[in-house]
Structure formats: C-alpha cells, structure tokens
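For reference, the structure discussed in these notes is given below.
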Amino acid sequence: MTGRNATQSRRRFLALGGATAATALAGCSGLLSGGDGGDGGSDGGTGTGTGAGQLSLSDFRGSGPLVAQRDAPGGTSIEELPDLSGELTLYLGGGEGGLYLDLIELFEQLYPDFTANHRRQPSSDLANRIIEENAADASPADVFMSIDAGSLGAVANAGATASLPDEVLSTVPEAYQDSEGRWVGIAGRARAIPYNTNQISDSDIPSSVQDFPEAAALENSMGWAPSYGAFQSFVTAMRLIRGDDETMSWLQAMQDHGISTYDDEFRVSNSCADGELAAGFANHYYTLRVQSARESSPIGLAFTEGDAGALVNVSGLEIINGTDNADLASNFVRHVLSAEAQEFFATRTFAYPMIPGVEPVGDLPRIDELNPPDINLTELADVAGTVDLLRDAGVL
Numbered sequence: 001m002t003g004r005n006a007t008q009s010r011r012r013f014l015a016l017g018g019a020t021a022a023t024a025l026a027g028c029s030g031l032l033s034g035g036d037g038g039d040g041g042s043d044g045g046t047g048t049g050t051g052a053g054q055l056s057l058s059d060f061r062g063s064g065p066l067v068a069q070r071d072a073p074g075g076t077s078i079e080e081l082p083d084l085s086g087e088l089t090l091y092l093g094g095g096e097g098g099l100y101l102d103l104i105e106l107f108e109q110l111y112p113d114f115t116a117n118h119r120r121q122p123s124s125d126l127a128n129r130i131i132e133e134n135a136a137d138a139s140p141a142d143v144f145m146s147i148d149a150g151s152l153g154a155v156a157n158a159g160a161t162a163s164l165p166d167e168v169l170s171t172v173p174e175a176y177q178d179s180e181g182r183w184v185g186i187a188g189r190a191r192a193i194p195y196n197t198n199q200i201s202d203s204d205i206p207s208s209v210q211d212f213p214e215a216a217a218l219e220n221s222m223g224w225a226p227s228y229g230a231f232q233s234f235v236t237a238m239r240l241i242r243g244d245d246e247t248m249s250w251l252q253a254m255q256d257h258g259i260s261t262y263d264d265e266f267r268v269s270n271s272c273a274d275g276e277l278a279a280g281f282a283n284h285y286y287t288l289r290v291q292s293a294r295e296s297s298p299i300g301l302a303f304t305e306g307d308a309g310a311l312v313n314v315s316g317l318e319i320i321n322g323t324d325n326a327d328l329a330s331n332f333v334r335h336v337l338s339a340e341a342q343e344f345f346a347t348r349t350f351a352y353p354m355i356p357g358v359e360p361v362g363d364l365p366r367i368d369e370l371n372p373p374d375i376n377l378t379e380l381a382d383v384a385g386t387v388d389l390l391r392d393a394g395v396l
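The UniProt record's numbering puts the first residue of the sequence shown at 1, with every later residue one more than the last.
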C-alpha cells in the first residue's frame, strides 16, 4: 500500500457509527472444543483433553460493538501445542498486567496441572530486580512478561535472558522482536492522536509530531500524561531520532502551546470524548476502550507518519537465564502467541496482535499499514535519561 491511499488508511477516522452491539461468536472452527478426553500429554498432543478446562474461543474473545462479527483467528491453535504442566514463576510488569492475568487464569483453567506464580510490579522495577538477582545467580523468575520493550531490552542487555526457540521467533515480524532473539513481542500498541470529532477533523492534525506546536487548531486544547510509561517510551524514541536538544525544544514548545497534563492516557482519551480536549497523545487502544464503553462518543483516532509520534511499542516475553523450567517457559511463550491468546489481546485489551492470522478490532488499520519510525525497540531501554530530560524541561 503506497501513496495517498496508504495515508488515508492509516489516518482514517475510527468511528462506530450506528453499529449495534452483538455477542462474540463462540466455538469457531472447533477451537478449544475439547474432545472425548485423552491424556493430551506433554509430547505434542492436542493439549485440550485434560481435566476441567473445556474452553471455547468465546472464553478468550471479548465482546461488544468493536468485536462483533469477527471470523475465527488464524495461526497456531492451542489445540496444536503440548499441554502446559508444572509451576512457572512469572514476573509480570506494568499497569496492563492486570488484564494479562485474565489470560493466565484461562490457561490455568484449561490445564489443571499448570500453575503460574506471579510477581506483579512496574516493569522497570522488575527489570532492575531481575538484573540484580541474575548478578547474584539467584533469580526465581522463569519468565519476564513486560508491557514495555525498553524493560525487556534492559534485562537482555544485562545478559539475564536465554535465547528463544526458532518456533517462537518465526511467528512474529522481525520489527517486534529482539534482533538477537532474546525477547519477543506478544501485543502491540501504536502511539496515536485521539481527538474530538465535534471540534476538529483529522485534517487539523499534523502528520508529523514535530509540527504540533504550530497547529493553531490545537492551541490550549491538547493533553498528555508525561508520568505514563508509554509517553516516556515515545519521548525516548524522539531522543533516538532527533537527539536530546531537539526533543527538549519540542517539549518546551508544547508547554508554550498550552498542553494540559493528566495522570494517565485513558483520562486523556476520555477528556477528548467529553470535549474537554480537542486532541491528545495516547496509545491507540484507549480510544477503542472509550468507543466500546461509550458507543456514540465523538472520538476519532489519527496517526502520524514515520516519527516518534507513530511509535509501535510492544508488550513482550523473555525467558530468564538459568531457569530450571526452560521447556515449560518456551511452551508458555508459544501459548501466548497462539491464535486464541492473540485473539484475547486483540479483542479484550484492543492491542495489536503480533501474528498475521489475527486481525485488529474495529476499523483499525493493520499493523503493517502503519508507518512507525525505523528504530530498534531494545534501544528504548534508556528511560532514565528520558525522565531526566522531562524533569529538566519542567514536564515532570
């Protein structure tokens, strides 16, 4: 897709219009339909014949107007994977981790012999903890599941990860995994511009984030959440692309332009829907959550082009060096990249799925239709430098 048509696809207004809510399709294509028993085993069997966990696709899939009338997802089904069996110690980082716990609980329902013991803290805190534990050869963690590629990169750069198997890496585009195979993305989030469709149109929104301080239609009417990890990753990307001096100038120019500060990006998006703001900076899925909860809300979504404002970051997984559960950890990662789990991320969290066989929800452009900057996501690890810059700019 090239030229003007590609731009229109990426920047199109995402609206629900008069869509009516419909229940999600259940049990498509026999996914997770169970069967007549059998031991499933850990030797590559169907993986769904054990115990109490007879689940269907609808257990993994969300519901509501953005999810209605979806086809069955493509990709490798859980039915094709070995059973999860044993205890796994999972370090779960970030605010979205509470949603991911729902997926882990589904796995535990499906596999009665599987338990995931988890520690949940901010991603950066857990990354530092793993690095310290690994230096002492004493980390109890088998897997680190983080909502931020920067934290994954920090752990990988410290030599605290094991290489992921090829069957895991081959399912995910190279842009959304570590170039050395140390971590892999499991769900994507695009930086985007939520805006109030009653106040402005997407033609009022610049295609480059660098032009926002000059946009007259947005003066004194934009919002951001600079204490939010996703915003700090965006600024880190700008530092990588533009350098610290130009990033500092942009931050100061946005403050001169009258931008308002919020605690989180969901509030930024809701404030756009309420008309309190004309537009804001936020991850794409917050607009979809507003749309799903408030079907007639006047909120649209636009994307910038090829710059830090178009960053596509990922949640991801890595296996911790020295784990005694390497096989279980690898199988767990494969399950998180299964068709059902990727459908979970797409329809329950409204993230971008990482495997080609699963579509994003609603009217979102596909991830390969976006135009993110060409940066190595592992380089987003320098969050500390970004925090220092934000403080120097008076943003934090």
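Note that the Cβ used here is the ideal one computed from N, Cα and C, for glycine as well. These figures come from a predicted structure and were not determined experimentally.
Local conformation of residue i per DSSP, three classes
i: M238; result: helix
i: E180; result: coil
i: Q121; result: strand
i: L337; result: coil
i: E318; result: strand
i: V383; result: helix
i: N331; result: helix
i: D36; result: Unreliable positioning characterises D36 in this predicted model, as indicated by a pLDDT of 32, which lies under 50. The coordinate reading is nonetheless provided below. Coil.
Residue i classed as buried or exposed, judged by whether at least 16 other C-beta atoms fall within 10 angstroms
i: G35; result: Any reading at G35 needs caution, since the residue's pLDDT is 34, under 50, leaving its predicted position unreliable; the model's value is listed next. Exposed, by the Cβ-count rule.
i: R391; result: exposed
i: N198; result: exposed
i: T89; result: buried
i: A329; result: buried
i: N376; result: exposed
i: E87; result: exposed
i: A302; result: buried
i: E79; result: buried
i: S221; result: buried
i: Q177; result: buried
i: T261; result: exposed
i: E343; result: buried
i: G243; result: exposed
i: A135; result: exposed
i: P140; result: exposed
i: A293; result: exposed
i: S77; result: buried
i: A384; result: exposed
i: S123; result: buried
i: S296; result: exposed
Of the listed residues the options, nearest to residue i (C-alpha basis)
i: G306; options: D368, I200, L92, V168; result: D368
i: L99; options: S315, M248, D71, D142; result: S315
i: N157; options: N128, T171, V143; result: N128
i: D264; options: A253, N283, Q54; result: N283
i: R120; options: R267, G74, M145; result: M145
i: Q210; options: V172, G185, Q252; result: Q252
i: Y228; options: L152, S77, G94; result: G94
i: L396; options: D245, F231, D204, R189; result: F231
i: D137; options: E167, I320, W250, A351; result: I320
i: D71; options: E108, S58, V312; result: S58
i: L92; options: A384, E246, D125; result: D125
i: G223; options: D202, T236, F266; result: F266
i: G75; options: P82, L380, G322, T171; result: T171
i: E359; options: I259, P213, A187, V235; result: A187
i: D374; options: E133, N325, I241; result: I241
i: I131; options: Y111, H118, T115, G153; result: G153
i: N325; options: G275, S77, T115; result: T115
i: S163; options: T323, L337, P353; result: T323
Close Cβ partners of residue i (< 7 Å) along its chain, the five nearest in sequence each way excluded
i: T23; result: Annotation note: pLDDT 32 at T23 (below 50); position unreliable, coordinate value reported separately. Excluding sequence neighbours, T23 sits near S63.
i: F332; result: L84, L88, V143
i: C272; result: P194, Y195, N196, A279, G280, I299
i: G357; result: P73, G74, G75, A339
i: E108; result: F114, T115, A116
Cutoff 6 Å; reference residue i; Cβ partners in own chain excluding five residues on either side
i: S269; result: P194, A282, Y286, T287, V290
i: R348; result: G62
i: N313; result: A149, R189, S233
i: G309; result: R191, V209
i: D113; result: S85
i: A217; result: I200, D204
Heavy atom of the ligand FAD within 7 Å of residue i beta-carbon
i: T378; result: The ligand FAD is absent from the structure shown, which contains no ligands of any kind.
Beta-carbon contacts of residue i that lie in its chain and below 8 Å, excluding the five residues immediately before and after
i: A248; result: It should be pointed out that residue 248 corresponds to Met in this sequence rather than to Ala. Cβ neighbours of M248 beyond the five flanking positions: L389, D392, A393.
i: D382; result: G150, T236, R239
Starting from the N-terminal side, write out each stretch of the alpha helix (DSSP H) that is 4 residues or longer and does not extend beyond the segment 66-138.
-> Listed in chain order, the alpha helix (DSSP H) runs fully inside the segment 66-138 are 97-110, 123-135, counting runs of at least 4 residues.
What are the uninterrupted segments assigned as alpha helix (DSSP H) that are 4 or more residues long and contained completely in the segment 145-232, given in chain order?
-> 149-157, 166-169
Secondary structure, alpha helix (DSSP H): runs of 4+ residues fully inside the segment 243-311 = 244-256, 265-274, 284-293
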